[in-house]
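Following our numbering, the numbering of the sequence shown begins with 308 at its first residue and continues without gaps.
Glycine included, every Cβ here is placed at the ideal spot set by N, Cα and C.
Reviewing the structure listed below.
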Amino acid sequence: MNFIFLDSVDSTQNIARKELLNCDFESSSILNPLVCAIIANNQSAGRGRLGRKWVSESGQSFLASYGAILPKSVVVDHKYNGWLPMIAGLCARDALIGALKEVGARKICEVGEVSKVESKICDFGQEIKIKWPNDIFIGDCKEGGILTEIAAIANNSYVANHESSQQNIGVIFGIGLNLNVSKESLPIEQATSLQMHYANLPDAMELRDIIAKRLAQNLNNRLASFVQNPTQSALCLRKEVSAVCWTLGRKVSVYAPEVNSELNNSECVEGVAQSINDDASLLILKDSGESAIVHTGDVHAL
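Take a look at the structure:
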C-alpha cells in the first residue's frame with residue numbers, strides 16, 4: 308500500500324481519487340484491498356457528508372483518505388454497502404484507542420473548576436463511541452467524522468451509473484479527527500478534540516502518524532474479511548457496532564433523505580433509536596408507536 312504524506316492539499320479525497328485512477332491493480336487483492344493512504348497537515352477544501360465543509364486546524368488534526376479497490380457486487384448491494392462507513396468507523400475508533408494506549412495517555416477529569424489528570428490507565432473504549440452513521444464521539448461530543456465515496460479506477464467509468472462491466476470499483480474513506488485543536492477553534496459547540504480529554508499526548512504529527520498506520524492496518528484487515536464473506540461479516544459487525552454505538556437507546560431526530568423504501572420525499576423522524584438492522588440501517592420507534600427504518604441521515608439527540 309502506498310502512503311502519501313502531504314503538507315497542504317485542497318482535499319485528501321481528491322488526491323485519493325486520482326491515485327485510484329492511476330493505481331496498479333496488482334497492488335490490490337481480495338486479501339489486501341487497500342491501495343493508498345493520503346495524509347495531509349492541512350486541507351483548504353475539506354468536506355464532510357452532504358457537501359458540508361470540514362473545518363480543520365493546520366497541523367492540529369488527523370486528515371486522511373484511504374483508497375480501496377473492492378468487488379462491485381458488494382459495493383452496490385444495499386444489503387451490504389451500508390456497512391462500509393461503519394467499518395471505517397470501527398477502524399478509526401480502534402486506531403484511536405490503540406494510539407492512546409501506545410503513548411500512555413491519561414484521562415483529564417474536571418473536579419469543580421480544576422482539571423486533574425488521572426494516574427491510572429482509563430478504559431478508553433468506554434468513552435470513545437460511534438454515532439450512527441458516520442461520526443466518532445468522545446462522551447457526548449463529536450471528535451471526528453467519516454465520508455465514504457465511490458470512485459472510478461483505471462479503465463472504469465463507474466460512478467455516474469452502474470453500467471461498468473468491471474468486477475471492481477474504488478471506494479474512498481475520508482477520515483477527519485480533531486487531535487490538538489483548541490476549544491476556541493472548534494467549529495460547533497458539540498465538537499471536541501482529543502487533547503481536551505487526555506493528557507500525556509505526543510505532538511500532533513507524531514500522534515497522527517501512529518493513528519494513520521494503525522488505521523490502515525485495521526481497515527485493510529476488516530475490508531478483506533468483509534468482502535470474502537459479507538453475509539457473515541455483516542452479522543458480526545451488527546453486534547460489534549451495536550455494542551459501541553452512541554446513538555442506540557437515545558431519543559433522536561433524524562433528517563432522513565430516505566425513510567423506508569416506499570417514501571420518496573425527505574422526512575424528519577423523531578423517536579428512540581432502537582437497533583441497527585442487518586443492512587446497517589437504523590430502526591427508530593416513533594412516539595406514535597410506529598417504526599421507521601432510516602438508511603442514512605443526520606442524527607441529533609433530543
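Taking the alpha-carbon positions, what's the Leu391 to Leu484 distance?
Distance between the alpha carbons of Leu391 and Leu484: 18 Å.
Glu496 burial status per 10 Å Cβ neighbour count (16 or more: buried):
By the 10 Å Cβ count, Glu496 comes out exposed.
Compare the Cα-Cα distances from Ala402 to each of Ile415, Lys436, Ala375, Cys330 and report the closest residue.
In terms of CA proximity to Ala402, Lys436 leads the group Ile415, Lys436, Ala375, Cys330.
Kindly provide the ranges of any beta strand (DSSP E) runs that are 3 or more residues long and lie completely inside the region 471-514, ordered along the chain.
Secondary structure remark: continuous beta strand (DSSP E) runs of at least 3 residues inside the region 471-514, in chain order: 475-485.
Between the beta-carbon of Leu522 and the beta-carbon of Ala375, is there less than 9 Å?
Taking 9 Å as the cut-off, the beta carbon of Leu522 is found no closer than this to the beta carbon of Ala375.
Quick check on Cys343: buried or exposed, where buried means 16 or more other Cβ atoms within 10 Å of its Cβ?
That one is buried.
Exposure of Val424, with buried meaning 16 or more beta-carbon neighbours within 10 Å:
Flag for Val424 reads exposed.
Are the beta-carbon atoms of Ala399 and Ile346 separated by less than 9 Å?
Taking 9 Å as the Cβ cut-off, Ala399 and Ile346 do not qualify as a contacting pair.
Cβ-based burial, Pro537 [other Cβ within 10 Å; buried from 16]:
Under the 10 Å beta carbon count, Pro537 is surrounded by 16 or more other beta carbons and is classified as buried.
Could you give the C-beta distance for Ile517 and Ala395, rounded to a whole number, given that I count them as a contact under 8 Å?
Rounded, the Cβ-Cβ distance is 18 Å, inconsistent with contact.
Let me confirm a value: Ile337 is counted as buried when at least 16 other C-beta atoms fall within 10 Å, else exposed. Which label applies?
Around the beta carbon of Ile337, fewer than 16 other beta carbons lie within 10 angstroms, which makes this residue exposed.
Within the same chain, show all residues whose beta-carbon is closer than 6 Å to that of Asn487, passing over the 5 residues directly before and after it, in chain order.
Contacts found: Gln367, Gln502, Ala511.
Under DSSP, the alpha helix (DSSP H) around Cys543 begins and ends at which residues?
Residues 537-550.
Thr603, enclosing beta strand (DSSP E) - first and last residue
That run of the beta strand (DSSP E) goes 598-608.
Return yes when the Cβ of Ala371 is within less than 9 Å of the Cβ of Val455, no when it is not.
A quick correction: the sequence has Thr, not Val, at residue 455. Not closer than 9 Å, so no.
Short Cβ contact (9 Å threshold) for Gly578 with Pro440:
Taking 9 Å as the cut-off, the beta carbon of Gly578 is found no closer than this to the beta carbon of Pro440.
Assuming Asn349 and Asp314 form a contact by the criterion Cβ under 8 Å, report the distance between their Cβ atoms to the nearest whole angstrom.
Between Asp314 and Asn349 the Cβ distance is about 7 Å, and since that is below 8 Å, they are a contact.
Using only the heavy atoms of the ligand HEM, determine whether one of them is closer than 8 Å to the beta carbon of His602.
Among the ligands in the structure shown, none appear at all, so the ligand HEM cannot be discussed.
Span of the beta strand (DSSP E), counted from its first residue to its last, around Asp442:
Its beta strand (DSSP E) spans residues 442-445.
Let me know if Ala412 comes out buried or exposed under the rule of 16 or more other beta-carbons within 10 Å of its beta-carbon.
It is buried - the Cβ of Ala412 has at least 16 other Cβ atoms within 10 Å.
Residue environment, Cys552, which counts as buried when at least 16 other CB atoms sit within 10 Å:
The residue in question, Cys552, is buried, as its Cβ has 16 or more Cβ neighbours within 10 Å.
DSSP puts Ser368 in a beta bridge; with which residues?
Ser368 pairs with Asn485.
Rounded to the nearest angstrom, what separates Arg515 and Glu597 at their Cα positions?
Taking the straight line from one Cα to the other gives about 44 Å.
I need the straight-line Cα distance from Asn527 to Ser595, nearest angstrom please.
Straight-line Cα distance between these residues: approximately 43 Å.
Just the Cα atoms here: how many angstroms apart are Asn525 and Ser560?
In this structure, the alpha-carbon of Asn525 lies about 32 Å from that of Ser560.
Between which two residues does the alpha helix (DSSP H) containing Glu434 stretch?
Where Glu434 is concerned, the enclosing alpha helix (DSSP H) stretches over 431-434.
Span of the beta strand (DSSP E) around Ala344
Taken as a continuous stretch (DSSP letters only), the beta strand (DSSP E) holding Ala344 covers 341-350.
Measuring straight from C-alpha to C-alpha, what distance separates His385 and His602?
Those two C-alpha atoms are separated by around 10 Å.
Can you tell me whether Ile428 is buried or exposed, with buried defined as 16 or more other CB within 10 angstroms of its CB?
Result: exposed.
Return helix, strand or coil for Thr455, following the three-state DSSP convention.
The DSSP-derived three-state label of Thr455 is strand.
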